[in-house]
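Numbering of the sequence shown is given in our numbering, commencing with residue 108 and proceeding in unit increments.
One structure below.
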Amino acid sequence: MSHIPASVAETKPIETIHPDNIPAPTRDPGLVASALEKLVEHSAEHDDVKHTIHAPMHALQSIPLVHKLVPGIEQLANEYHVGNFVIVRATGERIFESMPIYPRLGMHLLFYGGTQIKLLRNRSVETVLKDLSIRQGKIYDSPESVKAIPSFIHTYSIALDELEQPDITKYACFNDFFYRKLKPGARPVRNANDPAGFCSAADCRLTVYPTVDLAKQFWIKGSNFTIPNLLGVAADSEQAHIFEGASVGVFRLAPQDYHRFHSPLDGVVGDITEMPGEYYTVNPQAVNEPGFDVFTANKRAVLYMTHSQTNTPVAFVAIGAMLVGSIKWTAGGQKGATVKRGDELGYFAYGGSTVVVLFPKGLIRFDEDLVRNSTVPIETLVKVGDSLGKTVAAAASD
Numbered sequence: 108m109s110h111i112p113a114s115v116a117e118t119k120p121i122e123t124i125h126p127d128n129i130p131a132p133t134r135d136p137g138l139v140a141s142a143l144e145k146l147v148e149h150s151a152e153h154d155d156v157k158h159t160i161h162a163p164m165h166a167l168q169s170i171p172l173v174h175k176l177v178p179g180i181e182q183l184a185n186e187y188h189v190g191n192f193v194i195v196r197a198t199g200e201r202i203f204e205s206m207p208i209y210p211r212l213g214m215h216l217l218f219y220g221g222t223q224i225k226l227l228r229n230r231s232v233e234t235v236l237k238d239l240s241i242r243q244g245k246i247y248d249s250p251e252s253v254k255a256i257p258s259f260i261h262t263y264s265i266a267l268d269e270l271e272q273p274d275i276t277k278y279a280c281f282n283d284f285f286y287r288k289l290k291p292g293a294r295p296v297r298n299a300n301d302p303a304g305f306c307s308a309a310d311c312r313l314t315v316y317p318t319v320d321l322a323k324q325f326w327i328k329g330s331n332f333t334i335p336n337l338l339g340v341a342a343d344s345e346q347a348h349i350f351e352g353a354s355v356g357v358f359r360l361a362p363q364d365y366h367r368f369h370s371p372l373d374g375v376v377g378d379i380t381e382m383p384g385e386y387y388t389v390n391p392q393a394v395n396e397p398g399f400d401v402f403t404a405n406k407r408a409v410l411y412m413t414h415s416q417t418n419t420p421v422a423f424v425a426i427g428a429m430l431v432g433s434i435k436w437t438a439g440g441q442k443g444a445t446v447k448r449g450d451e452l453g454y455f456a457y458g459g460s461t462v463v464v465l466f467p468k469g470l471i472r473f474d475e476d477l478v479r480n481s482t483v484p485i486e487t488l489v490k491v492g493d494s495l496g497k498t499v500a501a502a503a504s505d
């Protein structure tokens with residue numbers, strides 16, 4: 108997302124997403140879905156991502172194609188800033204991240220979940236989003252998609268000096284760059300020698316809650332969000348019992364982020380459970396909406412790990428999202444392997460996405476600044492390896 112200083116963002120109200128905010132008659136879900144489909148197709152032809160799905164909401168005045176596809180959308184962008192505030196942990200600065208056009212249109216469609224869209228061959232909203240996600244993945248897997256890499260770097264100010272391969276001509280396709288690797292040492296683990304420590308699993312916007320109930324109070328408002336639903340297990344199962352009252356970390360990755368995810372703990376890799384699902388946006392305004400159950404509805408994969416120091420199970424849930432092509436496991440797919448904090452577990456192909464980590468009750472005490480921000484609530488911008496917290500026993504002895 109494009110950053111805007113907080114002082115600039117506060118000159119206009121921040122939009123609270125509602126279906127009536129899209130000007131009539133454009134708010135018809137068929138028209139919005141059709142516009143999304145054309146923006147995805149346009150990404151196969153246009154080398155500037157700002158003129159396709161990554162058109163930033165605060166700059167729509169200069170993007171005529173979007174005006175044509177979604178008449179009146181620039182009026183919404185004139186009246187509101189569309190996006191979310193975050194806290195940069197390294198500096199304490201509060202900034203505003205302007206939303207690209209595709210999750211904004213995707214959130215509009217969420218209000219019409221289950222609706223059959225006649226303009227798009229009587230497909231449901233869910234089918235449309237799935238088809239578009241698959242199509243966008245294929246576009247960005249094609250060799251021709253390399254032409255979009257320079258504008259993507261420019262749009263999101265992506266640093267090349269920390270990449271394992273900084274020469275962008277060496278990437279075979281856009282997705283190859285999207286799940287790029289970093290050079291060794293680019294993400295050092297804080298307090299790596301402290302066996303009681305935990306670290307951030309991703310370059311992300313992070314919220315943490317000591318209990319599931321607090322997570323539901325401040326952040327995850329979906330009415331069907333429960334631990335059994337997230338893990339895809341029965342309410343009376345062993346897993347549901349283990350993670351009852353668990354501490355929750357939500358690691359949200361935006362399109363510009365380094366999209367490989369890493370182990371937050373020293374431990375052992377266990378089983379993976381794959382779950383099919385939807386391709387809803389995981390933007391905070393969708394997660395915070397009581398009527399939307401994005402985490403428990405979306406495609407996801409649950410990796411069970413064992414924390415070495417305490418021999419305690421931890422659930423690492425990789426959640427796909429709108430326009431995410433796939434979830435790929437690297438070390439996370441090697442059952443029985445021993446991993447250290449900061450070791451790579453896998454990666455997401457194109458799109459924004461989220462990791463949710465469940466720590467059984469009594470295992471972790473999250474860092475105070477992360478808890479404080481999360482109860483505002485506001486996300487904290489962190490990187491792989493940043494401190495997440497310590498075991499409860501170690502924190503109590505500090």
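We put the CB at the ideal spot given by N, CA and C, even for glycine.
Beta-carbon separation (whole angstroms), residue i vs residue j, contact threshold 8 Å
i	j	result
Leu313	Val357	7 Å
Ala428	Asn405	6 Å
Pro187	Leu289	The residue asked about is misnamed: residue 187 is Tyr in this sequence, not Pro. That pair is no contact at about 35 Å.
Ala303	Ala501	3 Å
Pro130	Gln182	6 Å
Val461	Leu360	Val is not the amino acid found at residue 461; the sequence shown has Thr there. The Cβ separation is near 7 Å, so the contact holds.
Val363	Tyr263	For clarity, residue 363 is Gln in the given sequence; the question names Val instead. Their Cβ separation, rounded to whole angstroms, is 3 Å, which keeps Gln363 and Tyr263 in contact under 8 Å.
Phe402	Ile327	6 Å
Phe325	Gly496	The pair is not a contact, with the Cβ atoms about 17 Å apart (cut-off 8 Å).
Gly490	Arg294	The amino acid occupying residue 490 in the given sequence is Lys; Gly does not appear at that position. Contact flag correct, Cβ pair sits at about 6 Å.
Residue i burial status per 10 Å Cβ neighbour count (16 or more: buried)
i	result
Gly199	exposed
Ser252	buried
Pro420	buried
Gly352	exposed
Asp373	buried
Val195	exposed
Lys254	exposed
Leu267	exposed
Pro250	exposed
Gly94	Only positions 108 to 505 of the chain appear in this structure, which leaves residue 94 out of reach.
Asn390	buried
Gln243	buried
Pro207	buried
Pro171	exposed
Thr159	buried
Pro132	exposed
Asn331	exposed
Glu475	exposed
Asn191	buried
His125	exposed
Val553	This structure gives no information on residue 553, because the portion of the chain shown stretches from 108 to 505.
Val235	buried
Separation of residue j from residue i, as counted between CA atoms
i	j	result
Ala166	Ala342	47 Å
Asp378	Ile471	22 Å
Ala299	Thr380	29 Å
Leu138	Pro397	25 Å
Lys145	Phe285	22 Å
Lys237	Ala503	46 Å
Ala322	Asp310	21 Å
Thr276	His153	18 Å
Ile179	Val147	The sequence shown places Gly at residue 179, rather than the Ile named in the question. C-alpha separation (whole angstroms): 20 Å.
Ile202	Val424	28 Å
Pro112	Pro163	15 Å
Thr118	Ser370	40 Å
Asp493	Arg287	20 Å
Pro136	Val232	8 Å
Thr296	His261	The identity of residue 296 in the sequence shown is Val, whereas the question assumes Thr. So the two alpha carbons sit approximately 28 Å from each other.
Leu212	Gln346	36 Å
Val446	Ile265	28 Å
Ile121	Val177	20 Å
Ala438	Phe368	10 Å
Pro335	Asp155	42 Å
Asp400	Val394	7 Å
Thr123	Asp248	34 Å
Lys320	Ala151	As written in the sequence, residue 320 is Asp, which differs from the Lys given in the question. Whole-angstrom Cα-Cα distance: 44 Å.
Extent of the continuous alpha helix (DSSP H) to which residue i belongs
i	result
Gly356	Careful: Gly356 lies outside any alpha helix (DSSP H), inside the beta strand (DSSP E) at Ser354 to Leu360.
Met164	It is not in any alpha helix (DSSP H) - Met164 carries neither H nor E in the DSSP assignment.
Met214	Ile208 to Leu217
Gly244	Val232 to Asp248
Arg367	Per DSSP, Arg367 belongs to no alpha helix (DSSP H); it is in the beta strand (DSSP E), Arg367 to His369.
Phe325	Val319 to Phe325
Tyr454	First-last for Tyr454: Glu451 to Phe455, but that is the beta strand (DSSP E), not the alpha helix (DSSP H).
Met174	Per the sequence shown, the amino acid found at residue 174 is His instead of Met. Its alpha helix (DSSP H) spans residues Pro171 to Leu176.
Span of the beta strand (DSSP E), counted from its first residue to its last, around residue i
i	result
Ala422	Thr419 to Ile426
Gly492	Counting along the chain, Gly492 falls outside any beta strand (DSSP E), and DSSP gives it neither H nor E.
Val376	Gly374 to Met382
Phe203	Arg201 to Ser205
Thr133	Segment: none, Thr133 is in no beta strand (DSSP E) and carries neither H nor E.
Fill in: Three or more C-beta pairs below 8 Å linking the stretch 453-461 and the stretch 475-487
no
Worksheet item: Should the stretch 208-216 be regarded as contacting the stretch 266-273, the criterion being three or more beta carbon pairs within less than 8 Å?
Response: no
Discussion item. Below 8 Å, how does it come out for the stretch 280-287 and the stretch 300-320: are there three or more Cβ pairs, yes or no?
Written reply: no
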